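First the structure, in the form of C-alpha cells, and then the observations on it.
There are 2 protein chains.
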Amino acid sequence: MKTLEGIGEDELIARLVELVPTGIKDEGPGDDCAVVDDGGEDLVLLKTDALVEGVHFIRESDSLKVGWKAVARVVSDFAAMGGFPERFLVTLALPGSISLEWVENFYRGMGTCFERYGAVLVGGETCRVPSGSAAVISLAATGRVERGSVVMRSGGNVGDAIWVTGELGGSLAGKHLDFTPRLEQARWLVEHFKPTAMMDLSDGVARDLPRLAIASSCGFQLDQAAIPLSENCDVKQALQDGEDFELLFTLPEVHGLEDEWQQKFPELKLTKIGILVEKGAGDSLAGGWDHFG
Amino acid sequence: MKTLEGIGEDELIARLVELVPTGIKDEGPGDDCAVVDDGGEDLVLLKTDALVEGVHFIRESDSLKVGWKAVARVVSDFAAMGGFPERFLVTLALPGSISLEWVENFYRGMGTCFERYGAVLVGGETCRVPSGSAAVISLAATGRVERGSVVMRSGGNVGDAIWVTGELGGSLAGKHLDFTPRLEQARWLVEHFKPTAMMDLSDGVARDLPRLAIASSCGFQLDQAAIPLSENCDVKQALQDGEDFELLFTLPEVHGLEDEWQQKFPELKLTKIGILVEKGAGDSLAGGWDHFG
Chain D
0 MKTLEGIGED
10 ELIARLVELV
20 PTGIKDEGPG
30 DDCAVVDDGG
40 EDLVLLKTDA
50 LVEGVHFIRE
60 SDSLKVGWKA
70 VARVVSDFAA
80 MGGFPERFLV
90 TLALPGSISL
100 EWVENFYRGM
110 GTCFERYGAV
120 LVGGETCRVP
130 SGSAAVISLA
140 ATGRVERGSV
150 VMRSGGNVGD
160 AIWVTGELGG
170 SLAGKHLDFT
180 PRLEQARWLV
190 EHFKPTAMMD
200 LSDGVARDLP
210 RLAIASSCGF
220 QLDQAAIPLS
230 ENCDVKQALQ
240 DGEDFELLFT
250 LPEVHGLEDE
260 WQQKFPELKL
270 TKIGILVEKG
280 AGDSLAGGWD
290 HFG
Chain F
0 MKTLEGIGED
10 ELIARLVELV
20 PTGIKDEGPG
30 DDCAVVDDGG
40 EDLVLLKTDA
50 LVEGVHFIRE
60 SDSLKVGWKA
70 VARVVSDFAA
80 MGGFPERFLV
90 TLALPGSISL
100 EWVENFYRGM
110 GTCFERYGAV
120 LVGGETCRVP
130 SGSAAVISLA
140 ATGRVERGSV
150 VMRSGGNVGD
160 AIWVTGELGG
170 SLAGKHLDFT
180 PRLEQARWLV
190 EHFKPTAMMD
200 LSDGVARDLP
210 RLAIASSCGF
220 QLDQAAIPLS
230 ENCDVKQALQ
240 DGEDFELLFT
250 LPEVHGLEDE
260 WQQKFPELKL
270 TKIGILVEKG
280 AGDSLAGGWD
290 HFG
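Protein sequences, first through last, are from chains D and F.
Each residue of the first sequence is one higher than the one before, starting from 0 at the first, in numbering that gives the first Met the number 0.
Each residue of the second sequence is one higher than the one before, starting from 0 at the first, in numbering that gives the first Met the number 0.
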C-alpha cells in the first residue's frame, strides 16, 4: 500500500488537483493565495493555512503568540500577492484536555493581529479531536488586491534583480512566533516599484527561490555573500531555517529603489541577493541546494 | 485548570468572540454561514467546516463517500441560507500512514459533489499530523445569495408553521455518508414561498429546532406524531440522531405550498411538524428534551 510517507507534498498536490474541477484562473497551485476574478473592481484572494501541534507550535508555546502567528502567516501570504486580508474564519480541532486559558489567549493573539492589519473574524467552529491527538488550527481568509497591483510568482524575467527584505535565519530561536508580516512594505512596493514576481519566505530561500524561478521559467544566480544574516546565524541557517516571512521579489534594474526604501523603511534592510538568468543556467535548480540537505 | 472538557461549545464560542474584532453583519454567530455585504449585487456567504477522524468518519469509511460528505455538508449550509456555493479550499491534516488511495478517493468524492452542485476547488493545503493523531479535514467555502433571498434563523414569527423536508433519523445506519443536500429545494423555496427562518438539520430536531426558536425569539409547539420517520426509526431517533441534513423552516400559513411542492418534488416529503408560539410558551426550551438526553 502506497502511503503519504512515500510521496512529497508537491507531487501529492499535482496528483490530487487532477481529480476535481478547479477554478484556478490566474495562478499556479503554488502561489501564496488563490486569485479569483468575480468581475468586481478588485480581484478576490482566498487562502487557507493550518498549524499543527508538534509541528508549528507546542502546547507549551505562549498561545498569545501562536494566535498572532496563525493570523500573521496568512497576512504575509496576502502581502506576497500585493493585496491585503479582509475576513477570517477559524477552525479549532482541539483535544478536550486543552485549557480554556490557552484557547482564550490564542483568540486574544489573533485579535491583536486582526486589529494591527485591519482584518476581522466572521466565523468558524470549534470541534474536538480524540484524546491523544494533536490539535489542528486551520484559518481561512478572504482578501483583495487591485487588478493593477496583483503580483504572482510567475512574472519574473531574465535579468531581473532578486531582492529580500529584512534578515534571514533564526526562526527556531523564537522569531517564528514573533514576526511582522511585511504588508505595509508589499503595498508600498506594488504602488511605487511594482515587482515582476513576489512571494513570502516561508520555507527558506533554499526552497523558495527555486520555486519562484521555476514558476517564472528562469534560472537564478545567488550571491551568497550578500545574504542578510540574522544575529548569530550563518549562511546555511539563513537559507534553510524557513519561517522568515520576509518578502522575496524580483525587479528589473531600477533607479531609486534603495534610496526610497531607506527613507520609507529606515529600520528594515532591503538587499539584492542575486539575479534571474536563463532557464537551465545559473546555479543548479536540480541539485544546487542538496549540499545543505 | 479549566479545560475545554468542562465547557459546552455554545458557551465557549460566546466567550471567544468577545476577544477579537468581528465583522458579523447580518447574522448571529449561530447561523449556518457568515453573511458578508461587499456592496455587490449579491451577498457573500462564507463557511468553514471540519471533519475529524473517529468523530465524523473512520479510517475504514469509504473515502469516496467521506469526500462527498465533506462537500455536501457545506452545500447544505449554503442551501439553508437560501444561497449556493461557489469556491472551496480544502485543508488535509493527515498522518503519514494514510494511504494515497484513500486520499485520491477522497478527492474524487469531493469532485463528484463539486460537479453536482456547480462548485470548484480553488486551493488548499496538505500537511502532516504526528503519528497516532486523528486526521482532520477542514473545508472553507465561499458562496452567494441574492439580497432578496437570504434567510436567517432569526426571522421566524409567532404563528408561523414549522416544516421539515424528507424523513428524519437513521444517520448512523449510513445515511450520514450518503445524503443529498437540499440545495435545489431551498432555492425553489426562497423563490416561491420565502421562508421566514431556515436552517439545515445537522444535530437533530431536538437540538436544532430550539436553536431556531431562540434565534427567532419564539417558543414552539411540536407535533411529535407528525414527525416523518426514516425506515426502522422511532420518534426518539428521528429527533436526536442528527446529520439528517434536511431543511427545517418556518412560514406563515400559506395556500398552495404542499400542492406545488408535491408537483415539483414528488419523491421528497414535506411535513408540517409544529408551530412557533410566544417566547416562554409551548414546549419547554429549557428542559423539554432532557428526557431524550
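Where a beta carbon is used, it is the ideal one built from N, C-alpha and C, also for glycine.
Since we're looking at a predicted model, the values are computed, not measured.
Quiz item: So, helix, strand or coil for residue 258/F, using DSSP?
Solution: DSSP places residue 258/F in the helix class (H, G or I) of the three-state scheme.
Self-check item: Segment contact, 8 Å Cβ cut-off, at least three pairs: the stretch 139-159 of chain F with the stretch 187-196 of chain F
Solution: Here the stretch 139-159 of chain F lies against the stretch 187-196 of chain F, with 3 or more beta-carbon pairs under 8 Å apart.
Exercise. Consult DSSP for residue 35/D and reduce its assignment to one of helix, strand or coil.
Key: DSSP, read as helix, strand or coil, puts residue 35/D in strand.
Quiz item: Between residue 99/F and residue 134/F, is the Cβ-Cβ spacing less than 9 Å?
Solution: Contact annotation: residue 99/F and residue 134/F have beta-carbon atoms that are not nearer than 9 Å.
Quiz item: Candidates 252/F, 220/F, 48/F: which alpha carbon is nearest residue 205/F's?
Solution: Of the candidates 252/F, 220/F, 48/F, the residue whose Cα lies closest to the Cα of residue 205/F is 220/F.
Exercise. Evaluate contact between the stretch 74-91 of chain F and the stretch 43-53 of chain F, counting only Cβ atoms and requiring at least three cross-stretch pairs below 8 Å.
Key: When C-beta atoms of the stretch 74-91 of chain F are compared with those of the stretch 43-53 of chain F, three or more pairs fall below 8 Å, so the two segments count as touching.
Quiz item: Taking the continuous alpha helix (DSSP H) assigned at residue 126/F, which residues delimit it?
Solution: Run containing residue 126/F: none in the alpha helix (DSSP H); it sits in the beta strand (DSSP E), 119-127.
Quiz item: Below 9 Å between beta carbons: does that hold for residue 212/D and residue 197/D?
Solution: No, the pair does not count as a contact, with Cβ atoms beyond the cut-off.
Quiz item: Taking the Cβ atom as the reference point for each residue, do residue 225/D and residue 263/D lie within a distance shorter than 9 Å?
Solution: The answer is no: Cβ separation not under 9 Å.
Self-check item: Nearest-angstrom Cα separation, counted from residue 52/F out to residue 217/D
Solution: Cα to Cα, the separation comes out at about 42 Å.
Quiz prompt | 4 or more residues per run - each alpha helix (DSSP H) lying fully within the stretch 130-215 of chain F | solution = Fully enclosed alpha helix (DSSP H) runs of 4 or longer: 182-191, 204-214.
Quiz item: Going by the CB atoms, is the gap between residue 167/D and residue 50/D shorter than 9 Å?
Solution: Going by C-beta atoms, residue 50/D is not nearer than 9 Å to residue 167/D.
Self-check item: Cα-Cα separation between residue 210/F and residue 21/F, rounded to whole angstroms
Solution: Straight-line spacing of the CA atoms in residue 210/F and residue 21/F works out to 22 Å.
Self-check item: Under 8 Å by beta carbon: chain F residues contacting residue 1/D
Solution: One finds 98, 99, 100 in chain F with Cβ atoms closer than 8 Å to the Cβ of residue 1/D, taken in chain order.
Quiz prompt | Local Cβ density within 10 Å of residue 277/F, reported as buried at 16 or more and exposed below that | solution = With fewer than 16 other Cβ atoms within 10 Å, it is exposed.
Quiz item: Can you find a C-beta in chain D that's less than 9 Å from the C-beta of residue 37/F?
Solution: Yes - at least one Cβ of chain D is within 9 Å of the one on residue 37/F.
Quiz prompt | Exposure of residue 295/F, with buried meaning 16 or more beta-carbon neighbours within 10 Å | solution = No answer is possible for residue 295/F: the residues shown for chain F start at 0 and end at 292.
Self-check item: For residue 140/D and residue 72/D, believed in contact at Cβ under 8 Å, the rounded distance
Solution: 10 Å between Cβ atoms; not a contact.
Quiz prompt | Any chain D beta carbon closer than 9 Å to residue 107/F | solution = Answer yes: the Cβ-Cβ gap between residue 107/F and chain D drops below 9 Å somewhere.
Quiz prompt | Cutoff 9 Å: residue 103/F Cβ touching any chain D Cβ | solution = Yes, residue 103/F lies at the interface with chain D (some Cβ there is under 9 Å from its Cβ).
Quiz item: Which partner residues of residue 86/F appear in the DSSP bridge assignment?
Solution: For residue 86/F, which the question treats as bridged, DSSP gives the partners 119/F, 141/F.
Quiz item: Going along chain F in order, which residues have a C-beta closer than 7 Å to the C-beta of residue 135/D?
Solution: Here the neighbours are 92, 128, 135.
Practice problem: Name the residue from 230/F, 223/F, 181/F, 228/F whose alpha carbon lies nearest to the alpha carbon of residue 246/F. | Solution: Ranking 230/F, 223/F, 181/F, 228/F by Cα distance to residue 246/F puts 181/F first.
Quiz item: Looking only at its own chain, which residues have a Cβ that is under 7 Å from the Cβ of residue 26/D, when we skip the five neighbours before and after it?
Solution: Because residue 26/D carries a pLDDT of 46, less than 50, the predicted location of this residue cannot be relied on, and the following value inherits that uncertainty. So the list reads 33, 34, 151, once near-sequence residues are dropped.
Practice problem: Between the Cα of residue 137/D and those of 275/D, 214/D, 13/D, 90/D, spot the shortest distance and give me the residue it belongs to. | Solution: Taking each of 275/D, 214/D, 13/D, 90/D in turn and checking the Cα distance to residue 137/D, the smallest one comes out for 90/D.
Quiz item: Nearest to residue 202/F by CA position, among 215/F, 230/F, 236/F, 177/F, is which residue?
Solution: Cα-wise, what sits closest to residue 202/F is 236/F.
Quiz item: In its own chain, which residues sit with a C-beta less than 8 Å from the C-beta of residue 130/F, not counting the 5 before and 5 after it?
Solution: Sequence-distant Cβ neighbours of residue 130/F in its own chain, meaning closer than 8 Å and more than five residues away, are 94, 95, 96.
Self-check item: Proximal residues to residue 125/D (C-beta, below 6 Å), its chain only, five neighbours per side dropped
Solution: Only 91 meet the Cβ criterion.
Quiz item: Between the stretch 220-238 of chain D and chain F, which residues of the former have a C-beta closer than 8 Å to a C-beta of the latter?
Solution: Listed in sequence order: no entries.
Quiz item: With DSSP run on the structure shown, which of helix, strand or coil describes residue 217/F?
Solution: In this structure, residue 217/F counts as strand in the three-state DSSP scheme.
Self-check item: Integer Cβ distance of residue 174/F from residue 227/F, believed to fall under 8 Å
Solution: The Cβ separation is near 14 Å, so there is no contact.
Quiz item: Are the beta-carbon atoms belonging to residue 240/F and residue 169/F less than 9 Å from one another?
Solution: The answer is yes: Cβ separation under 9 Å.
Quiz prompt | Simplified DSSP assignment, three categories, for residue 377/F | solution = Only positions 0 to 292 of chain F appear in this structure, which leaves residue 377/F out of reach.
Quiz item: Are the CB atoms of residue 161/F and residue 256/F nearer to each other than 9 Å?
Solution: With contacts defined as CB atoms closer than 9 Å, residue 161/F and residue 256/F fail to qualify as a contacting pair.
Quiz prompt | Local Cβ density within 10 Å of residue 24/F, reported as buried at 16 or more and exposed below that | solution = Its pLDDT being 48, under 50, residue 24/F is placed unreliably in this model, and the value from its coordinates should be taken loosely. Classified as exposed, residue 24/F has fewer than 16 neighbouring CB atoms from the shown chains inside 10 Å of its CB.
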